[in-house]
Amino acid sequence: MKNNQKYAKLPQDLDLSFQSDLDLLPDTAADIDVDEFNLSGTPPAGLVLNDDDVDAGADDDDEDDEIVIAAQVLGGGGGGDGSGGGLRLATRKQRKQRKQQQVEQRLYNNKNKICGLGSDSVIETGLTLTPEMLLSTSESSTHSASEVAGRLQVDVRTGLKWTEAKYRAKIIGHNELNVIEEDPTWKKYIEQFRNPLILLLLGSALVSVIMKQFDDAVSITIAILIVVTVAFIQEYRSEKSLEELKKLVPPECHCLREGRLDTFLARELVPGDVVYLNVGDRVPADVRLFDAVDLSIDESSFTGETEPARKITDVLLNNTNVKDHSNMKNIAFMGTLVRCGNGKGIVVSTGERSEFGEVFKMMQAEEAPKTPLQKSMDILGAQLSFYSFLIIGVIMLLGWLQGKPLSEMFNISVSLAVAAIPEGLPIVVTVTLALGVMRMAKRNSIVKKLPTVETLGCVNVICSDKTGTLTKNEMTATIIITSDGYMADVTGAGYNDQGEIHIRHCNNVEMAKTNITNLLEIGAVCNNAYIQNGTLLGQPTEGALVAVAMKNGMYATAENYVRIQEYPFSSEQKMMAVKCIHKYNNNKEEIFFAKGALETLLPQCTKYQFGTQTVPLTKQNEAEFLAEAYEIGRKGLRVLALAKGKSMQDLIYCGLVGITDPPRPLVRESIELLMQSGVRVKMVTGDAQETAMAIASLIGIDTIHHQTLSGQEIDQLNEHQLDKVANNVSVFYRVSPRHKLEIVKSLQRTGNIVGMTGDGVNDGVALKKADIGIAMGKNGTDVCKEAADMILVNDDFHTIIAAIEEGKGIFYNIRNFVRFQLSTSIAALALIALATLMDIANPLNAMQILWINIIMDGPPAQSLGVEPVDHDVLKQKPRNVKQPMITKSVVVNVLLSASIIVLGTLWVFQREMADGTLGKTKRDTTMTFTCFVFFDMFNALSCRSQTKSVFTIGLTTNRMFLLAVAFSIIGQMLVVYFPPLQMVFQTEALTAYDILFLVTLTSSVLVVSEIKKWFERSLERKMYSTRSELDFV
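In terms of the working numbering, the sequence shown has 663 at position 591, counting the first letter as 1, and numbering is strictly consecutive.
Here you go:
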């Protein structure tokens, strides 16, 4: 046969449908009789052969023959009639195969598709990949590996060429997720000014400048800058902490390129690359497996399944349109972890096209909601603006009725309105939140945004992922039962030796210890897992057996035996066995160690261990052992039976080990506390119903009085139907990331403030949509941390309790401050307004008003924001977010305090004017001024709590407050007695009697407040009032 012309052109109208019938599997040589294509004689109409002799029938009986189909190319050796060129089908012996040649011309319009590869075939096309030729991950699972290889034009024995891989990277992009570019630092700083209260303050500063009240303008501007800077610095610090948490080693991969296995960064992978997977590797992209040797992949962060998924290479039949990741057993998903075995596969989806990327895109599409505190502050800003305009309107109206010039009344009313706006409020809110964030940092929790700290105080539903959040995602042996009835409980969790084996009450402890040691020896020898520095290499179940042996002081038990043969575990036989010889015994007798499901292992057993003897196994014994296994299984544990013997048909049954993914420490206690404080906890997991229900019962989630709902059932409900049932469901199982998002949205639609905790990729979308997303810091995925508002650095679920306590305390402190500042500012405004309207001398001069403003917005006020959190706060229900910051109760308290201050101060002023001075002497204003300041101090003291007596919470519990009040009083004394300051403030020295009189009078505001609180508490106890406790806190 002539081989001088290797390639021929295919005409555009040639039907290539026969290619789909070429089943060119990777391990099958092409053996095709070309005669059946009727090409040995006259060509079909419209087809001209370029070569004179087409030896199509030659060597058709040889298995090593190969077909090379040359693709349609531009230009070159065609007939001059424009018929589109000719066709050449060449066959040649493999041993005579020449060096592969690459076709230099490209496929016309890149439209031809090559469908398969033979193990010895070479498709020489020079054709590069186009996006249209890509398969999605789910599509790949329903195609054979050879079809996927053909579609992506790769020879699985050699991989892609570097030049081709670079070209594909240009078309498809790198294998990475495109995070939305962060705003520059200056822009983040400017963002802080978008707060409605800040805008209100900016407006009042502008009015002050226009009215030439520059001292007000400067003080307001300074307040704004303090607020903005503190908030920015704290959030910047949280971001930096998060960056440290994210600093992981960039993922690498083992990839076959040009026949060589190379290791490089996973971001360089493209569809069509051939990757090798080994124990401990993170899967670098979505991979269609074509080779899997005992390959198990931990997909818990992706599907929620505790058990690693065993992988196969067979084609899957997808009869439904619903994506089920747990059924895609021939796909290794990006970001999952290889637990045991090894495999090879073709990269089918990278970056945002991967299943991991799909979840990431869903997450980016969701908008994080505003926090309840931000909403409350927005409402407060609107309320304060309304009250400010109301003050202006009322004063102008009264002035007009009195016949005073409108311009003068406008100036007075605007000045009072500006003064009424509490510029200290944003400072207190920001500082209080910042301190809360810092306290949470000490408790191993990073809070990204300041308002988030308070959100947990409002949360009334927490949806929690199970695997890795409520549980440790580390299989642990928790119970041992020997064949002769000895039982032991195992403490500790994880892949380490921390824990003990506690034998339950028995008549012979030594015998129990011996038989437990024999049992654990079987588990340690019949095992392929290793634990290195707390890291498991191998199957989690086997890791649990190694760990329990370590707790028994058995560190290298397997080293005492030489393994001759292994009978690997399979899903059909449900057991594993090894044949060994003891290293140090002289007789070199073979012994079999076996483990597996009890129902599979018992039929292989003829005897069971009883004390030091072996006793024949009866049907009754079998029934007893099965009953024991059933009882353990009911509690959600995985049961492994262990046996040994001289042959696989004559094994001695030794006992059972119960293995579970244990709940994290203090999870049960945390859930109980949450439920007591009015927070419902719902489990949302991708795991099976039985496992989910067992763990839920173990950690105290009510599964008896509430429903369970699966992802499949959610798919059958519309929004309205889901809203009806969601509140009454305590366990959602077999749910996907989309389902988790639907659950969160449904709960939010029914008026709940939802917290979501999670650690996996599958939790990312729901974490972002929830009112507060809480991620695990140690074992959480990067996607999860990116989406969350708060990160638990040590993965401790109990930290949430501290965060709720902090959140509730912060809101109450802010409300206490608002009460104090409003009562003080209203009193000051009323005093000046009344004096203006009554045409009497102003009780306070400008410098004295400035000093009162400093106290009003200064240290005493600020110290209310750092009031220690009352631990009783946890017992109270989550606050109603629809309730504004200024409730009726707050208004009553504010008006009561302000009235007492105004009446007391006016009475002192009137008393001083009784001598005929008309309030124009220094003594008149000094007495009035000092009276007002002392009223302020006692008012601040009463504002520390709205329900409890200051004597109950303790006078010395808030040291910051004591220091602030002490400095304020010292300052006031200096103003009254220090000559230079007397000149500035127009004051004169007062007698001891005057001070005593003022202290007695001004303490009335505290006394009245204490009597009111006592009365309300008594009424609450007697009437069992249904009023929210928040109204009084």
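In this text, a Cβ means the ideal position worked out from N, Cα and C, and glycines have one as well.
Fair warning: this is a prediction, and the values are worked out from it, not measured in the lab.
**OP:** In the DSSP assignment, find the unbroken alpha helix (DSSP H) run with Asp33 in it and report its ends.
**Re:** One cannot answer for residue 33 here, as it falls past the ends of the chain, which runs 73 to 1105.
DSSP three-state label for Cys856, please.
As a first step, residue 856 must be located in the sequence shown, where it is residue number 784. Of the three classes helix, strand and coil, the one that applies to Cys856 here is helix, per DSSP.
Quick check: what's the CA-CA separation for Gly564 versus Met622?
For this step, residue 564 is matched to residue 492 along the sequence shown. For this step, residue 622 is matched to residue 550 along the sequence shown. Their Cα atoms are separated by approximately 12 Å.
Next item on the list: To the nearest angstrom, report how far apart Leu714 and Ile575 are at their CA atoms.
Entry: The residue you call residue 714 lines up with position 642 of the sequence shown. The residue you call residue 575 lines up with position 503 of the sequence shown. Roughly 19 Å separates the two Cα atoms.
Problem - Those residues which DSSP pairs with Pro688 across a bridge - result: Translated into the one-based positions of the sequence shown, residue 688 becomes position 616. DSSP output for Pro688 lists Lys679 as bridge partner(s).
Original post:
Which residue comes first and which comes last in the beta strand (DSSP E) that contains Asn414?
Top reply: Taking the sequence shown and counting its residues from 1, the one referred to as residue 414 is at position 342. First-last of the beta strand (DSSP E) with Asn414: 409-421.
**Request:** Give me whichever residues DSSP pairs with Ala1107 in a beta bridge.
**Result:** For residue 1107 there is no data in the structure shown, the boundaries of the chain being 73 and 1105.
message: Just to check my reading of the structure: Phe883 and Arg951 have Cβ atoms closer than 8 Å, yes? What is that Cβ distance to the nearest angstrom?
response: Here residue 883 is taken as the residue at index 811 of the sequence shown, counted from 1. Here residue 951 is taken as the residue at index 879 of the sequence shown, counted from 1. Indeed, because the Cβ distance is near 6 Å, the residues count as touching under 8 Å.
Worksheet item: For the candidate residues Arg736, Glu379, Pro932, Leu349, whose alpha-carbon lies nearest to that of Gly413?
Response: Here residue 413 is taken as the residue at index 341 of the sequence shown, counted from 1. Minimum Cα distance to Gly413 is reached at Leu349.
Helix, strand or coil: which one does DSSP assign to Glu263?
For the purposes of this step, residue 263 is taken as the residue at position 191 of the sequence shown. Helix at Glu263.
For the segment 887-903 against the segment 950-969, do three or more pairs of beta-carbon atoms, one drawn from each stretch, fall closer than 8 Å, so that the two count as touching?
yes
Where are the alpha helix (DSSP H) runs, 4 residues long or more, that stay fully inside the segment 831-899, in chain order?
836-841, 854-859
Item to complete: Please list the segments of the alpha helix (DSSP H) lying wholly inside the segment 351-400, counting only runs of 4 or more residues, in order along the chain.
Response: 372-375
* Asked: Start and end of the alpha helix (DSSP H) containing Leu1053?
  -> What you label residue 1053 is simply residue 981 of the sequence shown in a count that begins at 1. 1051-1057 is the extent of the alpha helix (DSSP H) around Leu1053.
- [ ] Would you identify the three-state DSSP class for Gln982, choosing helix, strand or coil?
- [x] Here residue 982 is taken as the residue at index 910 of the sequence shown, counted from 1. Here Gln982 sits in helix by DSSP.
Going by DSSP in three states, Thr502 sits in which element: helix, strand or coil? Taking the sequence shown and counting its residues from 1, the one referred to as residue 502 is at position 430. Of the three classes helix, strand and coil, the one that applies to Thr502 here is helix, per DSSP.
Note down the Cα distance separating Ile886 from Val974, rounded to an integer number of angstroms.
Walking along the sequence shown from the start, residue 886 turns up at place 814. Walking along the sequence shown from the start, residue 974 turns up at place 902. When rounded, the distance between both Cα atoms is 24 Å.
Would you mind working out which of Asp759, Thr763, Val581 sits nearest Gly783, comparing C-alpha positions?
-> Start at 1 with the first residue of the sequence shown, and residue 783 comes out as number 711. That would be Asp759, whose Cα lies nearest to the Cα of Gly783.
How big is the Cα-Cα spacing for Arg229 and Asp345?
Here the question's residue 229 lines up with position 157 in the sequence shown. Here the question's residue 345 lines up with position 273 in the sequence shown. Whole-angstrom Cα-Cα distance: 11 Å.
Exposure label - Leu466; buried when at least 16 CB within 10 Å:
Within the sequence shown, numbered from 1, the residue matching residue 466 stands at position 394. According to the sequence as given, residue 466 is Val; it is not Leu. Counting Cβ neighbours within 10 Å, Val466 comes out exposed, since fewer than 16 surround it.
Exercise. Can you name, in chain order, every residue of its own chain whose Cβ lies under 6 Å from the Cβ of Thr672, other than the five neighbours on each side?
Worked result: Taking the sequence shown and counting its residues from 1, one reaches residue 672 at position 600. Result list for Thr672: Lys646, Met647, in chain order.
- prompt: Mapping DSSP to helix, strand and coil, what is Gln1116?
  reply: Outside the modelled stretch of the chain, which goes from 73 to 1105, sits residue 1116, for which no answer is possible.
Check: What is the rounded straight-line gap between the Cα of Asp255 and the Cα of Tyr261?
Finding: As a working note, residue 255 is residue 183 in the sequence shown. As a working note, residue 261 is residue 189 in the sequence shown. Cα-Cα distance, rounded: 10 Å.
With DSSP run on the structure shown, which of helix, strand or coil describes Gln225?
-> By one-based count along the sequence shown, residue 225 stands at place 153. Residue state, collapsed to three classes: coil.
For this session: For Ala902, decide whether its Cβ has a neighbour in chain D, counting only Cβ atoms nearer than 8 Å.
Result: Here there is only one protein chain, and chain D is not present.
Grab the span of the alpha helix (DSSP H) containing Tyr239 for me, first residue to last. Taking the sequence shown and counting its residues from 1, one reaches residue 239 at position 167. From DSSP, the alpha helix (DSSP H) with Tyr239 extends over 234-244.
task = Determine the DSSP secondary structure at Val807, reduced to helix, strand or coil.
result = Looking up residue 807 in the sequence shown gives position 735. In this structure, Val807 counts as coil in the three-state DSSP scheme.
* Within 10 angstroms of the Cβ of Pro640, are there 16 or more other Cβ atoms? Answer buried if so, exposed if not. => In the sequence shown, the residue the question calls residue 640 occupies position 568. With fewer than 16 other Cβ atoms inside 10 Å of its own Cβ, Pro640 counts as exposed.
| query | Should Thr607 be labelled buried (16 or more other beta-carbon atoms within 10 Å of its own) or exposed? | reply | To locate residue 607, count along the sequence shown from 1; it is residue 535. With fewer than 16 other Cβ atoms within 10 Å, it is exposed.
Is the beta carbon of Phe432 sitting closer than 8 Å to the one on Gly832?
On the sequence shown, position 360 is the one that residue 432 refers to. On the sequence shown, position 760 is the one that residue 832 refers to. Going by C-beta atoms, Phe432 is not nearer than 8 Å to Gly832.
Do you know offhand how far Met948's Cα is from Glu371's?
Working through the sequence shown from its first residue, we reach residue 948 at position 876. Working through the sequence shown from its first residue, we reach residue 371 at position 299. Note on residue identity: the sequence assigns Gln, not Met, to residue 948. Distance between the alpha carbons of Gln948 and Glu371 is about 39 Å.
Q: My understanding is that Glu427 touches Thr209, with C-beta atoms under 8 Å, so please give their C-beta distance in whole angstroms.
A: If you number the sequence shown from 1, residue 427 lands on position 355. If you number the sequence shown from 1, residue 209 lands on position 137. Yes, Glu427 and Thr209 are in contact; Cβ-Cβ is about 5 Å, under 8 Å.
**Item:** 8 Å Cβ cutoff met for Ile724 and Met547
**Value:** Position 652 of the sequence shown, counting from 1, holds the residue named residue 724. Position 475 of the sequence shown, counting from 1, holds the residue named residue 547. Taking 8 Å as the Cβ cut-off, Ile724 and Met547 do not qualify as a contacting pair.
- prompt: Nearest to Val941 by alpha carbon, out of Ala913, Thr908, Ala907, Ala874?
  reply: Mapped onto the sequence shown, residue 941 falls at position 869. Nearest option by C-alpha distance: Ala874.
Go through its chain and collect everything with a Cβ distance to Ile771's Cβ below 7 Å, but skip five positions before and after it. Sequence index remark: in the sequence shown, residue 771 carries index 699 (1-based). Hits under 7 Å: Leu542, Pro735, Val739, Arg740, Ile743.
### Query
If you draw a straight line from the alpha carbon of Trp1086 to that of Thr1059, how long is it in whole angstroms?
Here residue 1086 refers to the residue found at position 1014 when the sequence shown is read from its first residue. Here residue 1059 refers to the residue found at position 987 when the sequence shown is read from its first residue. Going from the Cα of Trp1086 to the Cα of Thr1059 covers about 39 Å.
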